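Residue numbers (the working numbering): 286 to 663.
Please read the structure below before turning to the comments.
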Amino acid sequence: MNTYYPASMPAMAFLFSSLVFAHASHAQTFCYPDGNVIIYSNYDGGFLNINVDEDIPNLKIGITTYEKCEIAISGQYAGNVTEVIYAGYNGSNDHCNPTPPTTSISGAPNATTSVLLYPPVTWTNPNGYYYVICNYSCDSATEQGGCNTPDQIVHYYLTEFGGSLYYHYTQYGCWQGAYDVSNAGNCCIGAEILEPQFSINASFSTINDTLCIKDSLLFFNNSFNSFPGVTYYTWDFGDGSPTEVAVNPSHIYATPGNYTVTLIASNSDGSALDTASIELTLINCFTALNHVFASSGIRFLSNPVSSTCCLVMESRTSADASFRLYDLLGNPVIEDIIPGAVKEWCVSKPMDQLPNGLYYAIVSIDGESHGSKIVLQH
């Protein structure tokens, strides 16, 4: 959203306003001695009176505030100003006394002027906001509470103007008095801006690479993204089904076969992405296990299982029961006996040598077999 305002106002009114404000003083700090871009930023806005008392050819001025700001440019060399941009929020909280009626720019007779409401930043920093709205400190390294970091502000105006930075003057409170260009401001970021280092890495896992058809398979997203903003995910399960955008999706495969699952992770503006893939084998898991009933009356104390499998049999007779653990291909990997009348029991044989993954536990008693899936996860 752009709003444009007239570049000038009557000279008499402007001269009067320059006389009623005391001149603000601050430490002199310049970035480039031959720079032609100056920046003013704060949170509270107010009446900003810039006295151009230095002969700087092709001078560009950028101003960012959260609240309304009335900008007046004066001085012997005001005619050197060729462009003025206000980029900020233009909020309506009246923190200054008096408070400007709205954001405006006046007093630069040869300048093009623009009032831009919260344009997108041109420089991403995870400690700053995604739109140009406010800047009140010299700190680029810590979270700015919803405002921009100074490197974001400087990069935005240098991108808009070109040229090089003469100084950047920033504070939190209202503008008060006249600000002489010869007094400079500060140079929070130094004369140079270093490219921030961001990265994105797509990664995911599942419980095993050999799984059962018609089971709901959960995929665990382990992706990493240090870019500002949200991360978007696109999952392709390799079976012709629609893509999925959930963080940790589940999926059911209908037929046996080999499938390639692909995850694409991208940053919020799509400028960076990464891809990860896993090969899966889907099989008919119960083809080797016949006449198995659901585990009615049998409850496993923990699932996933880390090293020892324990279960409770709700209805128990005096007859011994057999316990068998099968892999997904139907091969028995552990066999054990559950003594009669014992209701709570743990497998006596070690399971820590078995690979992680999905298994079937089968308890046979009184001529019936009761089965349950368990996940072994060391």
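All C-beta atoms, glycine included, are put in the ideal place defined by N, C-alpha and C.
Computed from a predicted structure; not experimentally measured.
Exercise for review: Find the nearest neighbour of residue 337 within the set 331, 324, 330, 329, judged by alpha-carbon distance.
Suggested key: The residue you call residue 337 lines up with position 52 of the sequence shown. Minimum Cα distance to residue 337 is reached at 324.
Practice item. Over the uninterrupted alpha helix (DSSP H) stretch that includes residue 492, give me the two end residues. Key: Counted from its first residue, the sequence shown places residue 492 at position 207. From DSSP, residue 492 is part of no alpha helix (DSSP H); its letter is neither H nor E.
Practice item. Please work out which residues of its chain come closer than 7 Å, Cβ to Cβ, to residue 418, disregarding the five sequence neighbours upstream and downstream, and give them in chain order. Key: Here residue 418 refers to the residue found at position 133 of the sequence shown. 351, 373, 374, 403, 432, 433.
Review point. At what residues does the alpha helix (DSSP H) containing residue 435 begin and finish?
Key: If you number the sequence shown from 1, residue 435 lands on position 150. First-last of the alpha helix (DSSP H) with residue 435: 435-446.
Check your understanding: What beta strand (DSSP E) runs, 3 residues minimum, are completely inside the segment 339-389?
Key -> 344-349, 354-359, 366-373
Exercise for review: To the nearest angstrom, report how far apart residue 557 and residue 485 are at their CA atoms.
Suggested key: Counting from 1 along the sequence shown, the entry for residue 557 is found at position 272. Counting from 1 along the sequence shown, the entry for residue 485 is found at position 200. Cα-Cα distance, rounded: 7 Å.
Point to revise | Extent of the continuous beta strand (DSSP E) to which residue 408 belongs | key: Position 123 of the sequence shown, counted from the start, is the residue given in the question as residue 408. Where residue 408 is concerned, there is no enclosing beta strand (DSSP E), given that its DSSP letter is neither H nor E.
Exercise for review: Quick one: measure Cβ to Cβ for residue 662 and residue 591, integer angstroms, because I've assumed they're closer than 8 Å.
Suggested key: Translated into positions along the sequence shown, residue 662 becomes position 377. Translated into positions along the sequence shown, residue 591 becomes position 306. Correct: roughly 6 Å between the Cβ atoms.
Point to revise | Separation of residue 618 from residue 640, as counted between CA atoms | key: Counted from its first residue, the sequence shown places residue 640 at position 355. Counted from its first residue, the sequence shown places residue 618 at position 333. Straight-line Cα distance between these residues: approximately 11 Å.
Check your understanding: When DSSP labels each residue in this structure, what does residue 417 get in the three-state scheme?
Key -> The count along the sequence shown starts at 1 and reaches residue 417 at position 132. In this structure, residue 417 counts as coil in the three-state DSSP scheme.
Practice item. With distances taken Cα to Cα, identify the nearest neighbour of residue 465 among 507, 599, 510, 358. Key: Stepping through the sequence shown from its first residue, residue 465 is reached at position 180. It is 358.
Exercise for review: Would you tell me roughly how many angstroms separate the C-alpha atoms of residue 653 and residue 646, rounded to the nearest one?
Suggested key: Locating residue 653 in the sequence shown gives position 368, counting from the first residue. Locating residue 646 in the sequence shown gives position 361, counting from the first residue. In a straight line, the C-alpha of residue 653 is about 14 Å away from that of residue 646.
Review point. Going along the chain, which residues of its own chain have a beta-carbon closer than 7 Å to the beta-carbon of residue 345, five neighbours each way excluded?
Key: Taking the first residue of the sequence shown as 1, we reach residue 345 at position 60. Excluding positions up to five away in sequence, the list reads 321, 322, 367, 368, 446, 448.
Check your understanding: If you follow the beta strand (DSSP E) that residue 534 is part of, which residue opens it and which one closes it?
Key -> Within the sequence shown, the letter at position 249 stands for residue 534. Looking at the DSSP string, residue 534 is not in any beta strand (DSSP E), and its letter there is neither H nor E.
Review point. Got a sec: is the Cβ-Cβ distance from residue 326 to anything in chain C below 8 Å?
Key: The structure shown contains no chain C; it is built from a single protein chain.
Review point. In its own chain, which residues sit with a C-beta less than 8 Å from the C-beta of residue 343, not counting the 5 before and 5 after it?
Key: As a position in the sequence shown, residue 343 is number 58, starting the count at 1. Cβ neighbours of residue 343 beyond the five flanking positions: 321, 365, 367, 448.
Review point. Exposed or buried, what is residue 354 when buried is set at 16 or more other beta-carbons lying within 10 Å of its beta-carbon?
Key: Indexing the sequence shown from 1 puts residue 354 at position 69. Looking at its Cβ environment, which holds 16 or more other Cβ atoms inside 10 Å, residue 354 is buried.
Point to revise | Span of the beta strand (DSSP E), counted from its first residue to its last, around residue 617 | key: Numbered from its first residue, the sequence shown carries residue 617 at position 332. First-last of the beta strand (DSSP E) with residue 617: 617-623.
Point to revise | Inter-residue CB distance, residue 516 and residue 550 (contact presumed, cutoff 8 Å) | key: Counting from one through the sequence shown, the residue named residue 516 turns up at place 231. Counting from one through the sequence shown, the residue named residue 550 turns up at place 265. Their Cβ separation, rounded to whole angstroms, is 6 Å, which keeps residue 516 and residue 550 in contact under 8 Å.
Point to revise | residue 505 and residue 491 closer than 8 Å at C-beta | key: Indexing the sequence shown from 1 puts residue 505 at position 220. Indexing the sequence shown from 1 puts residue 491 at position 206. In contact: residue 505 and residue 491 (Cβ atoms closer than 8 Å).
Point to revise | Integer-rounded CB distance, given that residue 541 should sit under 8 Å from residue 567 | key: The count along the sequence shown starts at 1 and reaches residue 567 at position 282. The count along the sequence shown starts at 1 and reaches residue 541 at position 256. About 5 Å; that satisfies the 8 Å criterion.
**Study point:** residue 631 classed as buried or exposed, judged by whether at least 16 other C-beta atoms fall within 10 angstroms
**Key:** In the sequence shown, counting from the first residue as 1, residue 631 sits at position 346. Classification of residue 631: exposed, given that the 10 Å Cβ count is below 16.
Check your understanding: What do you get for residue 656, buried or exposed, if any count of 16 or more other CB atoms within 10 angstroms of its CB means buried?
Key -> Taking the sequence shown and counting its residues from 1, one reaches residue 656 at position 371. Label assigned to residue 656: buried.
Exercise for review: State the Cα-Cα distance for the pair residue 438 and residue 370, rounded to the nearest angstrom.
Suggested key: Position 153 of the sequence shown, counted from the start, is the residue given in the question as residue 438. Position 85 of the sequence shown, counted from the start, is the residue given in the question as residue 370. Roughly 12 Å separates the two Cα atoms.
Point to revise | Residues near residue 407 by beta carbon distance below 6 Å, same chain, minus five either side | key: Numbered from 1 along the sequence shown, position 122 holds the residue referred to as residue 407. Within the same chain, residue 407 has close Cβ partners 440, 441, 444.
Point to revise | Run of the beta strand (DSSP E) containing residue 596, from where it starts to where it stops | key: Counted from its first residue, the sequence shown places residue 596 at position 311. Looking at the DSSP string, the run of the beta strand (DSSP E) that includes residue 596 is 595-598.
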